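To start, the structure itself, in structure tokens.
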Amino acid sequence: MPLLHRRIAPALVVAQLLYLALMELAFTFLSPGNPEPDATGSARNALLGYGAVMVAVAAVMAGGALMLASSRASAAVPRPVRSVLLVLLGLLELGIAAAFLHSAATGSLGPDTVIAGVAVVVSGCVAAGCVPGPAATQPLTTQHTPHGRPTARTTG
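Pasting the structure below:
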């Protein structure tokens with residue numbers, strides 16, 4: 001399991017972040033323009049809200065990947081913050097998996113079904129990597145036995 005949450009899960013999260021950035025760029029620059037711009041503030045507010053959600057999702061994903069990949073970085077963050085970040089990443093990944101599963105189940109068979117299947121597997125692997133994350137990323141401290149010998153134990 002250390003291989004999953006120290007190497008594979010962070011790499012998959014980085015790949016998801018790159019996919020997210022690619023899709024955002026594609027939808028921004030390759031979508032047809034709206035011939036009549038919306039003069040109301042509701043479209044602007046919706047766009048700002050969407051941007052804020054996307055930045056928050058990217059921050060959780062990037063922070064979670066860093067906590068999973070780097071023991072030095074996870075040791076520098078307090079345990080409650082680290083645990084909350086990894087739980088949020090795990091829940092986010094489960095939500096992504098559920099959305100892609102729904103998309104694959106309700107859509108017609110084709111390339112989108114394959115992409116959805118891969119996304120479900122990737123999100124499941126990342127969510128599984130987050131499970132041992134809070135416990136596995138605890139910093140090691142040296143404590144002594146009653147006989148004076150050092151033993152490695154986790155704090156927390």
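All the letters of the sequence shown, read from the start, carry residue numbers 1 to 156 under full-length UniProt numbering. Ideal Cβ placement from N, Cα and C applies to all residues, glycine included. Just so you know, these numbers come straight off a predicted model, no measurement behind them.
Determine the direct distance from the alpha carbon of residue j to that of residue i, and round the result to whole angstroms.
i, j, result
"PRO134", "PHE100", "Low local confidence applies: a pLDDT of 47 at PRO134 is under 50, so the model's placement there is unreliable, with the coordinate-based value given in what follows. If you take the alpha carbons of PRO134 and PHE100, they lie about 26 Å apart."
"THR28", "ALA62", "22 Å"
"ALA15", "VAL55", "16 Å"
"LEU22", "SER71", "29 Å"
Can you say whether residue i is buried or exposed, counting buried as having 16 or more other CB atoms within 10 angstroms of its CB?
i, result
"MET67", "buried"
"ARG82", "buried"
"VAL118", "exposed"
"SER123", "buried"
List the endpoints of the continuous alpha helix (DSSP H) containing residue i.
i, result
"SER123", "111-130"
"PRO32", "Note, PRO32: premise wrong, no alpha helix (DSSP H); not H, not E."
"ARG6", "Where ARG6 is concerned, there is no enclosing alpha helix (DSSP H), given that its DSSP letter is neither H nor E."
"PRO80", "79-106"
"residue 238", "Outside the shown range of the chain (1 to 156) lies residue 238, about which nothing can therefore be said."
Using alpha carbons as the reference points, say which of the options lies closest to residue i.
i, options, result
"GLY90", "LEU25, ALA65 and ALA73", "ALA65"
"LEU86", "GLU24, ALA69, LEU109 and LEU30", "ALA69"
"CYS130", "GLY49, THR113, ILE115 and VAL60", "VAL60"
Does the Cβ-Cβ distance between residue i and residue j come in under 8 Å?
i, j, result
"ALA9", "VAL84", "no"
"ALA58", "LEU20", "yes"
"VAL114", "ALA97", "no"
"SER108", "ALA116", "no"
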